[in-house]
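Protein chains: 4
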Amino acid sequence: MSVDIIVRGYHLDIYQHVNNGRYLEFLEESRWDFLGRHCLVEQFQERNLAIVVANININYRKPAVFGDVLRVTTSISAIGNKSFKFCQEVWRTENGEPKDLVIDAILTFCLLDNASQTTVAISGDVRAILESLLEIGE
Amino acid sequence: MSVDIIVRGYHLDIYQHVNNGRYLEFLEESRWDFLGRHCLVEQFQERNLAIVVANININYRKPAVFGDVLRVTTSISAIGNKSFKFCQEVWRTENGEPKDLVIDAILTFCLLDNASQTTVAISGDVRAILESLLEIGE
Amino acid sequence: MSVDIIVRGYHLDIYQHVNNGRYLEFLEESRWDFLGRHCLVEQFQERNLAIVVANININYRKPAVFGDVLRVTTSISAIGNKSFKFCQEVWRTENGEPKDLVIDAILTFCLLDNASQTTVAISGDVRAILESLLEIGE
Amino acid sequence: MSVDIIVRGYHLDIYQHVNNGRYLEFLEESRWDFLGRHCLVEQFQERNLAIVVANININYRKPAVFGDVLRVTTSISAIGNKSFKFCQEVWRTENGEPKDLVIDAILTFCLLDNASQTTVAISGDVRAILESLLEIGE
Chain A
5 MSVDIIVRGY
15 HLDIYQHVNN
25 GRYLEFLEES
35 RWDFLGRHCL
45 VEQFQERNLA
55 IVVANININY
65 RKPAVFGDVL
75 RVTTSISAIG
85 NKSFKFCQEV
95 WRTENGEPKD
105 LVIDAILTFC
115 LLDNASQTTV
125 AISGDVRAIL
135 ESLLEIGE
Chain B
5 MSVDIIVRGY
15 HLDIYQHVNN
25 GRYLEFLEES
35 RWDFLGRHCL
45 VEQFQERNLA
55 IVVANININY
65 RKPAVFGDVL
75 RVTTSISAIG
85 NKSFKFCQEV
95 WRTENGEPKD
105 LVIDAILTFC
115 LLDNASQTTV
125 AISGDVRAIL
135 ESLLEIGE
Chain C
5 MSVDIIVRGY
15 HLDIYQHVNN
25 GRYLEFLEES
35 RWDFLGRHCL
45 VEQFQERNLA
55 IVVANININY
65 RKPAVFGDVL
75 RVTTSISAIG
85 NKSFKFCQEV
95 WRTENGEPKD
105 LVIDAILTFC
115 LLDNASQTTV
125 AISGDVRAIL
135 ESLLEIGE
Chain D
5 MSVDIIVRGY
15 HLDIYQHVNN
25 GRYLEFLEES
35 RWDFLGRHCL
45 VEQFQERNLA
55 IVVANININY
65 RKPAVFGDVL
75 RVTTSISAIG
85 NKSFKFCQEV
95 WRTENGEPKD
105 LVIDAILTFC
115 LLDNASQTTV
125 AISGDVRAIL
135 ESLLEIGE
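Right under this line is the structure:
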């Protein structure tokens with residue numbers, strides 16, 4: 005599951021590289037795409053659940069520069085009792101193929117019950133939904 | 005009424021100048037400060053009104069670069085029947101004094117009734133509130 | 005000439021609409037796409053010229069919300085002696101067709117000589133390049 | 005070493021909380037302030053060095069909402085042979101005092117030689133500069 009993003013002038017900062025914070029928008033773009041394709045937005049809403057980020061651990065491997073075509077991937081890599089993890093990567097592509105790893109990140113999310121505003125255990129049908137995505141992986 | 009903002013590395017873009025879109029955040033920062041100081045956020049909320057932007061006309065006079073200390077000003081410059089205008093400027097300062105005009109902008113806002121989601125006439129006490137701010141000007 | 009952008013959670017602000025400043029990134033995205041498709045980036049670089057924004061006049065017609073698919077268009081609408089204008093629009097689409105006008109904007113740009121850092125007249129082959137794009141319009 | 009930031013309408017996202025990516029700008033703002041106060045920008049420039057981020061590990065403890073006054077702290081927490089670490093926190097304040105921990109993060113940076121574009125060992129006077137800051141801590 006991936007989206008392609010072309011690096012534009014407004015993505016750069018004083019170092020003429022994509023700014024470290026901008027990558028979090030690139031990752032979020034790819035997650036929304038992932039959530040949308042698997043109808044997760046609706047399925048969480050029906051259950052009055054939201055997903056909230058608890059931790060982001062992101063490695064900056066190589067800089068990306070103006071004109072680079074980046075591929076941003078998203079998969080679910082682990083499901084615990086109270087949290088689950090996305091594995092996301094940003095690759096610089098060449099002729100449409102991933103070439104250099106720019107970013108890799110593990111992002112830990114919890115499920116929040118909108119009514120009680122507390123995190124809930126990942127169990128039952130919600131767990132089943134997430135596990136079905138774990139299997140299809142990337 | 006003004007806020008000072010130091011130009012940082014993440015404000016710049018490929019041209020090493022503050023990006024054209026970032027200035028709209030600088031202007032919004034100064035407007036929130038203006039609205040807050042005059043308790044306008046609360047006064048509009050009490051009346052179930054929101055202010056919504058209808059037009060921004062912004063002149064880019066000079067570029068701002070890393071380390072510049074910018075002063076962003078906000079005043080209300082005109083009040084019509086259905087809209088009112090903010091006049092906003094961004095000045096590069098030197099030793100705490102405005103030196104070069106970087107940006108000037110006229111921003112037209114309407115009042116939206118949150119319940120009906122329609123714009124409303126600027127009249128009665130809401131008009132009085134805005135007019136009292138028109139007088140104090142800058 | 006257009007790009008499509010899906011409205012994501014990070015594009016919204018306190019009003020749950022796309023933030024006024026974010027649209028300037030959407031417009032810039034579409035201009036970079038336009039400049040790239042017509043090889044303008046390279047042609048300006050060869051002549052050691054940069055394009056710099058002088059004015060943006062942007063109308064906010066309707067709000068855009070989460071999940072909207074926006075089409076951002078770019079065309080060159082006028083060429084003067086010292087400046088030229090982009091006309092840009094953002095449309096909310098339905099089933100791939102433009103439905104509601106969200107934004108329209110006129111953006112005035114100058115040509116900057118990178119060596120002298122002064123604006124230059126739009127004449128000769130640079131004028132010819134821009135005029136050829138004026139003709140193809142949208 | 006800290007900067008205060010008031011949460012504005014444009015910092016929020018679909019969840020009405022400060023967006024996860026925006027915090028990286030808040031952290032960067034505080035680091036530029038730290039670097040500026042200790043004259044590190046100039047000292048690195050004189051040596052033709054840049055600092056580049058290698059990893060960010062950020063915990064999202066509590067959400068921040070409109071009107072919160074956040075205090076963003078920066079200190080240097082460790083210095084290795086090839087990298088050093090910033091420890092940064094974001095606190096929600098009440099009456100000017102830190103009250104709730106919103107964010108804590110460890111950020112690993114390397115030193116890049118601008119000429120060779122390779123990372124260099126942290127030794128000699130550069131190490132001494134960083135160690136002097138380690139001592140003063142927060």
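Chains as they are written, first to last, in this note's numbering: chain A, 5 to 142; chain B, 5 to 142; chain C, 5 to 142; chain D, 5 to 142. We put the CB at the ideal spot given by N, CA and C, even for glycine.
Presumed contact (8 Å Cβ cut-off) between residue i and residue j, rounded CB distance
| i | j | result |
| --- | --- | --- |
| B:T66 | B:V106 | For clarity, residue 66 of chain B is Lys in the given sequence; the question names Thr instead. About 5 Å separates the two Cβ atoms, so the contact holds. |
| C:D104 | C:N63 | In fact, because the Cβ distance is near 13 Å, the residues do not count as touching under 8 Å. |
| C:K138 | C:I80 | It is worth fixing the name first, because residue 138 of chain C is Leu in this sequence and not Lys. Correct: roughly 5 Å between the Cβ atoms. |
| B:Q47 | B:I133 | 6 Å |
| A:Y19 | D:A68 | With 8 Å as the limit, A:Y19 and D:A68 do not qualify as a contact, their Cβ atoms being about 28 Å apart. |
| B:L111 | B:W95 | Going by Cβ atoms, the distance from B:L111 to B:W95 rounds to 17 Å, so no, they are not a contact pair. |
Residue i, enclosing beta strand (DSSP E) - first and last residue
| i | result |
| --- | --- |
| C:D108 | 101-117 |
| A:N59 | 53-64 |
| B:S6 | 6-10 |
| B:F88 | 88-98 |
| D:V124 | 122-124 |
Where the alpha helix (DSSP H) through residue i begins and ends
| i | result |
| --- | --- |
| B:L74 | Per DSSP, B:L74 belongs to no alpha helix (DSSP H); it is in the beta strand (DSSP E), 73-83. |
| A:F48 | 44-50 |
| C:Y27 | 26-41 |
Closest by C-alpha distance to residue i, when choosing among the options
| i | options | result |
| --- | --- | --- |
| B:G124 | B:D17, B:V130, B:K86, B:A132 | In the sequence as presented, Gly is not what sits at residue 124 of chain B; that position holds Val. It is B:K86 whose Cα lies nearest to the Cα of B:V124. |
| B:G128 | B:I83, B:R75, B:V94, B:L28 | B:I83 |
| B:Q121 | B:E135, B:T78, B:V56 | B:V56 |
| C:V76 | C:R51, C:P102, C:F70, C:L44 | C:P102 |
| C:R41 | C:N52, C:D17, C:M5, C:E32 | C:M5 |
| D:F88 | D:T97, D:N59, D:D72 | D:N59 |
| A:G13 | A:F38, A:F70, A:G25 | A:F70 |
| A:H100 | A:F113, A:I126, A:E135, A:D72 | The sequence shown places Gly at residue 100 of chain A, not His. The residue with the shortest Cα to Cα distance from A:G100 is A:D72. |
| B:I10 | D:H15, D:S136, D:E32 | D:E32 |
| D:N24 | A:V22, A:R35, A:L16, A:H15 | A:R35 |
| A:F30 | C:I126, C:N61, C:H15, C:V22 | C:H15 |
| A:N61 | A:C43, A:R51, A:E93 | A:E93 |
| B:F38 | B:R51, B:N52, B:C91 | B:C91 |
| D:I126 | D:A119, D:T97, D:E98, D:R51 | D:R51 |
| D:H21 | C:V22, C:R131, C:D17 | C:D17 |
| B:V130 | B:L44, B:E98, B:L28 | B:L44 |
Amino acids of chain F, ordered along the chain, whose beta-carbon sits closer than 7 Å to that of residue i
| i | result |
| --- | --- |
| A:W36 | The structure shown contains no chain F; its protein chains are A, B, C and D. |
Going along the region 48-69 of chain C in order, which residues come within less than 9 Å of chain B, judged by CB to CB distance?
A54, V56, V57, A58, N59, I60, N61, I62, N63, Y64, R65, P67
Contact residues within the region 5-34 of chain A, judged by C-beta distance below 7 Å to chain C
R12, G13, Y14, E29, E32, E33
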